[in-house]
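Visitor: Here it is: the structure, laid out below.
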Amino acid sequence: METEEYIAILDADGSPTGKTALKSEIHKKGHYHNTSHVWYYNANAEILLAQRAASKTIYPLLWDISVAGHVDAGETIEQAAIRETREEIGIEITEDALHKIGVYECFQSYPNGIIDNEFHHTFISEINCSLSDLTTDPEEVEQAKLLSIPEFKELLENSENNSHFVASNTPYYLEVIKAIEKRIVNKKA
94 METEEYIAIL DADGSPTGKT ALKSEIHKKG HYHNTSHVWY YNANAEILLA
144 QRAASKTIYP LLWDISVAGH VDAGETIEQA AIRETREEIG IEITEDALHK
194 IGVYECFQSY PNGIIDNEFH HTFISEINCS LSDLTTDPEE VEQAKLLSIP
244 EFKELLENSE NNSHFVASNT PYYLEVIKAI EKRIVNKKA
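Here the sequence shown is numbered in my numbering, starting from 94 and rising by one per residue.
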């Protein structure tokens with residue numbers, strides 16, 4: 094059986110408290126904590142999306158971020174991004190491949206009792222691999238796909254009705270898309 098990880102507890106402003114707790118306690122008591130998000134895209138301006146595993150307690154089978162996970166106690170945000178990438182999609186990246194675009198507050202409570210007060214440290218990163226190069230973790234990812242930016246935007250416009258994405262995350266998704274578009278344009282310049 095997998096051992097449960099310890100996570101650093103933060104203050105409401107995101108600063109460390111010096112305390113840690115088990116992930117289950119963090120979510121039961123609503124402690125503030127860090128997560129690491131990585132949005133991967135390729136040279137064709139396609140964004141890698143992961144379908145959340147059917148077994149996930151929150152938003153099963155909805156399409157979401159390429160890779161995401163909690164930052165373990167004693168781990169840097171970047172180390173978590175690298176570890177989660179390896180665990181969830183089976184590819185190795187380096188810290189210099191990560192380009193931080195911001196920290197997004199996501200404070201939500203769910204009907205199942207989870208109180209999720211997260212600071213999403215969000216990175217974008219270009220990858221040059223195909224879907225067949227990925228080894229997805231079935232406990233995290235049902236399947237993966239590459240989606241063009243226009244297709245992504247079109248699905249987002251209808252996310253209230255199409256059960257594709259977490260509709261409440263639309264502003265966040267749009268900020269990520271904008272950052273990826275800017276990075277692609279700057280690379281070509």
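Beta carbons are placed, not taken as given, at the ideal position from N, Cα and C, and that holds for glycine.
Mind checking whether Leu191 and Val131 have CB atoms under 8 Å apart?
Guide: It is a contact, given that the beta carbons lie within the stated cut-off.
Visitor: What residues are listed by DSSP as bridge partners for Pro109?
Guide: Pro109 pairs with Leu103.
Visitor: Could you spell out where the beta strand (DSSP E) holding Glu198 opens and where it closes?
Guide: 192-202 is the extent of the beta strand (DSSP E) around Glu198.
Visitor: Give the range of the alpha helix (DSSP H) segment to which Asn255 is assigned.
Guide: Its alpha helix (DSSP H) spans residues 252-255.
Visitor: Is Glu97 helix, strand or coil when you go by DSSP?
Guide: Note: Glu97 maps to coil in three-state DSSP.
Visitor: Buried or exposed: Glu177, going by 16 or more other Cβ atoms within 10 Å of its Cβ?
Guide: By the 10 Å Cβ count, Glu177 comes out buried.
Visitor: How big is the Cα-Cα spacing for Ser218 and Trp156?
Guide: Their backbone Cα atoms lie some 18 Å apart in a straight line.
Visitor: Threshold first: 4 residues or longer. Then list the alpha helix (DSSP H) segments lying entirely within the region 221-282, N to C.
Guide: Counting whole runs of 4 or more residues, the region 221-282 contains the alpha helix (DSSP H) stretches 242-250, 252-255, 263-281.
Visitor: Quick one: residues in its chain with C-beta nearer than 7 Å to the C-beta of Arg179, no 5 flanking neighbours on either side, listed in chain order?
Guide: Here the set comprises Glu185.
Visitor: Can you list, in chain order, the residues of its chain with a C-beta nearer than 6 Å to that of Gly107? Leave out the 5 residues immediately preceding and following it.
Guide: Closer than 6 Å at the Cβ level, and outside the excluded window around Gly107, lie Phe212.
Visitor: Under DSSP, the alpha helix (DSSP H) around Thr169 begins and ends at which residues?
Guide: Looking at the DSSP string, Thr169 is not in any alpha helix (DSSP H), and its letter there is neither H nor E.
Visitor: Please state the DSSP three-state secondary structure of Ile217.
Guide: Three-state DSSP puts Ile217 in a strand.
Visitor: Counting pairs of Cβ atoms below 8 Å between the region 251-258 and the region 196-206, do you hit three or more?
Guide: Too few Cβ pairs lie closer than 8 Å, so no.
Visitor: Taking 8 Å as the cut-off, does the region 225-234 touch the region 112-131 (at least 3 CB pairs, one atom from each stretch)?
Guide: Flag = no, the region 112-131 and the region 225-234 do not touch.
Visitor: Give a yes or no on whether the C-beta atoms belonging to Leu232 and Ala146 are separated by under 8 Å.
Guide: The sequence given here places Glu at residue 232; Leu does not occur at that position. In this structure, Ala146 lies closer than 8 Å to Glu232 by Cβ.
Visitor: Could you have a look at His163 and say whether DSSP puts it in helix, strand or coil?
Guide: It is a strand residue.
Visitor: Quick one: Cα of Ser261 to Cα of Glu198, how far?
Guide: Ser261 and Glu198: Cα-Cα distance of roughly 13 Å.
Visitor: Any idea if Leu267 is buried or exposed, counting beta-carbon neighbours within 10 angstroms, 16 or more meaning buried?
Guide: By the neighbour-count rule (16 or more Cβ atoms within 10 Å), Leu267 is not buried but exposed.
Visitor: So what does DSSP say about Ser129, is it helix, strand or coil?
Guide: Correct three-state label for Ser129: strand.
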